[in-house]
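Below is one structure, written out as structure tokens; the observations come after it.
In the numbering used here, the protein residues as written are 9 to 647.
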């Protein structure tokens, strides 16, 4: 659990006692439930600081404090950040938004939670984050949140521009009373230009503090040259930076989306080493233009509006960096070899598999934003690189809608760039997105298109294998749901494709491909043949922990299919801990389901029900919504 600490307000904080009192009243009047306040105001008005100030004064009301920023980030990513604060690793988290939300609520149910939600854009985003313990408080900074008021009794607190007196207090704290009093006319003009914006006043104060011997008149004159719109203070602050720091500022303006930025990203785009870059970014932090949030850096919305037009060609450089770096790291997380076939000379990164996965999950929102920017800019190969790089994040089913969107964009980019192999890879990912959503016909359509695109035996074999799996999954489901004719038809098609895949693998002669082909064919083969196929598959794939789990799963299931119920159930029971450690929760669900079938076949109804309940718990917690719905039906049938 994170420590109960909130950043103290800056010493120059002023003018919001009425709003602070309103926040207190809202919490006091909701003692028997979760209180919620929506803090509104213009960008730069100090909305987040208001919330932090209130929380800092009232820490004794809560057991835990969690700050989180939404923006355009996926809700599942935000919940992953919250769960990480609770101590969970990415491989311990469920995939879906619903399951992560449930896990978050369960793990915080006994605490009075203070939750600060910054940069919220919709009520739906916030709803998934709500705690449950009475006395908790959700402070939301954002707009477009009517649904929170109608369904969750959220109340608004409006943050108005700072008054002249409060603005003077901010500048006095930053600069000193004597210096301001020496030029009262210029002081008042500076306050007028900043128009009550806490952000602009803070930047202006930092400029003055940095140049203690320069008169206010000089700063005001420079601002006047820039006009009297929202950006003149930022113009002057930018001009006061060293040239390298200006370049770093432009990188933040060029950054796609509104995610936090790693130091290594700025360094790579500028071509500087990280130590020099750290000095430059610190210059931005000192100038109050960028915020340090624990090793990553964030630019305020107001500063971003100013920095973006200055970025120029850096936008393409930032997107290009993300595209190439993420693909190299993705190959460390999940070696597939396809990148080298699309782009001869491609070189993978040097991270460990675990570090590579951590990097990809941390940069997920930035990579999605970069893919969108690349599509708009027409940099087709970058769209494809980013879609391929995101596959390790998507493959376990956590983001099927996003996977479909990113992959569809990659299909369009590959078509525009006349890259048939890349199109086949993108369509394969799109097909798996359809399978994750149980859109079987749409998945089969994509894989059939991949078959037509295949130009080499390896590409053709991969497409045939995917097509076989897209027939097997609905066939297995139809059998379990009591639709024998449909099941026989789909499983026959699956067997046809998977036997063809094995024949192709034998022609190609790559041991690993042969092992995978045998493992997949075992799913539809009769038990005796499946046993031999799985032995041969294990010889080729035995060094891969995840495939060892899959082979063991199918060995147990085939034993049950052959009537060796106890032996099969024992095999499946033993794989559970290993699968849990590897985060293979779908396999855990499948193993428990098969154990339930074995128990039911032996007449042990209560034991079968216990296995189904265990599987349902995993499905709900880990985000496998479709499997959860199926298991609920099974429980109903078991009574």
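Backbone N, C-alpha and C define an ideal beta-carbon position, used for all residues, glycine too.
Roughly how far, in whole angstroms, is the beta-carbon of residue 44 from the beta-carbon of residue 74, given that I think they are within contact range, below 8 Å?
Here residue 44 refers to the residue found at position 36 of the chain shown. Here residue 74 refers to the residue found at position 66 of the chain shown. Actually they do not touch by this definition, with Cβ atoms about 14 Å apart.
What does the alpha-carbon distance come out to for the pair residue 329 and residue 390?
Looking up residue 329 in the chain shown gives position 321. Looking up residue 390 in the chain shown gives position 382. When rounded, the distance between both Cα atoms is 9 Å.
Just list the alpha helix (DSSP H) runs in the segment 58-97, keeping only unbroken ones of 4 residues or longer that don't cross its boundaries, in chain order.
83-93
Hey, how far is the Cα of residue 357 from the Cα of residue 336?
Working through the chain shown from its first residue, we reach residue 357 at position 349. Working through the chain shown from its first residue, we reach residue 336 at position 328. About 5 Å.
If you follow the alpha helix (DSSP H) that residue 546 is part of, which residue opens it and which one closes it?
As a first step, residue 546 is located in the chain shown; it is residue number 538 there, counting from the start. Where residue 546 is concerned, the enclosing alpha helix (DSSP H) starts and stops at 535-549.
Spell out the partners DSSP gives residue 128 in its beta bridges.
Position 120 of the chain shown holds residue 128. Per DSSP, the beta bridge partners of residue 128 are 150.
Rounded to a whole number of angstroms, what is the C-alpha to C-alpha distance between residue 613 and residue 573?
For the purposes of this step, residue 613 is taken as the residue at position 605 of the chain shown. For the purposes of this step, residue 573 is taken as the residue at position 565 of the chain shown. Roughly 14 Å between the two C-alpha positions.
Going by the DSSP bridge assignment, what does residue 299 pair with across the sheet?
Numbered from its first residue, the chain shown carries residue 299 at position 291. DSSP lists 306 as partners of residue 299.
Whole-angstrom Cβ separation of residue 359 and residue 346, contact assumed at under 8 Å?
Start at 1 with the first residue of the chain shown, and residue 359 comes out as number 351. Start at 1 with the first residue of the chain shown, and residue 346 comes out as number 338. Not really, about 19 Å apart at Cβ, beyond 8 Å.
On the premise that residue 256 lies in contact with residue 293, defined as a C-beta separation below 8 Å, what is that separation, rounded to the nearest angstrom?
Along the chain shown, read from residue 1 onward, the residue named residue 293 stands at position 285. Along the chain shown, read from residue 1 onward, the residue named residue 256 stands at position 248. In this structure residue 293 is not in contact with residue 256, their Cβ atoms being roughly 11 Å apart against a cut-off of 8 Å.
By a C-beta neighbour count over all protein chains shown, 10 Å radius and 16 as the cutoff for buried, is residue 543 buried or exposed?
As a working mapping, residue 543 is identified with position 535 in the chain shown. Exposed: under 16 other Cβ atoms inside 10 Å.
Of the residues 551, 549, 485, 606, which one's Cα is nearest the Cα of residue 575?
Counting from 1 along the chain shown, the entry for residue 575 is found at position 567. Cα-wise, what sits closest to residue 575 is 606.
Helix or strand or just coil, what does DSSP make of residue 166?
The residue you call residue 166 lines up with position 158 of the chain shown. If DSSP states are grouped into helix, strand and coil, residue 166 belongs with the strands.
Cα separation between residue 238 and residue 333?
On the chain shown, position 230 is the one that residue 238 refers to. On the chain shown, position 325 is the one that residue 333 refers to. Confidence at residue 238 is low in this model, with a pLDDT of 45, below 50, so the placement of that residue should be treated as unreliable; the coordinate-derived value is given next. Looking at the two C-alpha atoms, the distance is approximately 36 Å.
For the alpha helix (DSSP H) that contains residue 248, what are its first and last residues?
Here residue 248 is taken as the residue at index 240 of the chain shown, counted from 1. Run containing residue 248: 240-248, per the alpha helix (DSSP H) assignment.
Tell me, please, whether the CB atom of residue 263 is closer than 8 Å to any CB atom in chain B?
Here chain B cannot be found, since the structure has a single protein chain.
Backbone CA spacing between residue 375 and residue 609 [nearest angstrom]:
As a working mapping, residue 375 is identified with position 367 in the chain shown. As a working mapping, residue 609 is identified with position 601 in the chain shown. Roughly 48 Å separates the two Cα atoms.
Tell me the rounded alpha-carbon separation between residue 236 and residue 62.
By one-based count along the chain shown, residue 236 stands at place 228. By one-based count along the chain shown, residue 62 stands at place 54. Confidence at residue 236 is low in this model, with a pLDDT of 40, below 50, so the placement of that residue is unreliable and no value is reported for it.
Could you tell me if residue 231 is buried or exposed, where buried requires 16 or more neighbouring beta carbons within 10 angstroms of its beta carbon?
Here residue 231 is taken as the residue at index 223 of the chain shown, counted from 1. The residue in question, residue 231, is buried, as its Cβ has 16 or more Cβ neighbours within 10 Å.
So, using beta-carbon positions, are residue 590 and residue 557 closer together than 8 Å?
Taking the first residue of the chain shown as position 1, residue 590 is located at position 582. Taking the first residue of the chain shown as position 1, residue 557 is located at position 549. Contact flag set, yes.
For the beta strand (DSSP E) containing residue 649, name the first residue and the last one.
There is no way to answer for residue 649, as the model of the chain reaches only from 9 to 647.
Pull up the CB-CB distance for residue 244 and residue 215, whole angstroms please, since I reckon it's below 8 Å.
Here residue 244 corresponds to residue number 236 of the chain shown, with the count starting at 1. Here residue 215 corresponds to residue number 207 of the chain shown, with the count starting at 1. Cβ atoms of residue 244 and residue 215 come within 8 Å of each other, at about 6 Å.
So is the beta-carbon of residue 469 under 7 Å away from any non-hydrogen atom of the ligand GDP?
Summarising the ligand content, the structure contains no ligands, and the ligand GDP is consequently not present.
Could you pull out every residue in the same chain whose Cβ sits closer than 7 Å to the Cβ of residue 635, ignoring the five residues on either side in sequence?
Position 627 of the chain shown holds residue 635. Excluding residues within five positions, the ones whose Cβ falls inside 7 Å are 597, 627.
Measuring only the C-alpha atoms, how far is residue 78 from residue 110?
The count along the chain shown starts at 1 and reaches residue 78 at position 70. The count along the chain shown starts at 1 and reaches residue 110 at position 102. Looking at the two C-alpha atoms, the distance is approximately 18 Å.
Start and end residues, beta strand (DSSP E) containing residue 609:
The count along the chain shown starts at 1 and reaches residue 609 at position 601. Not the beta strand (DSSP E): residue 609 falls in the alpha helix (DSSP H), residues 593-609.
Boundaries (first-last residue) of the beta strand (DSSP E) holding residue 44:
In the chain shown, the residue the question calls residue 44 occupies position 36. Counting along the chain, the beta strand (DSSP E) containing residue 44 begins and ends at 43-48.
Touching by the beta-carbon criterion (3+ pairs, under 8 Å), the segment 457-473 and the segment 429-441:
Verdict: yes, contact present.
N-terminal and C-terminal residue of the alpha helix (DSSP H) that residue 261 is part of:
Within the chain shown, the letter at position 253 stands for residue 261. Residue range 251-262 is occupied by the alpha helix (DSSP H) that includes residue 261.
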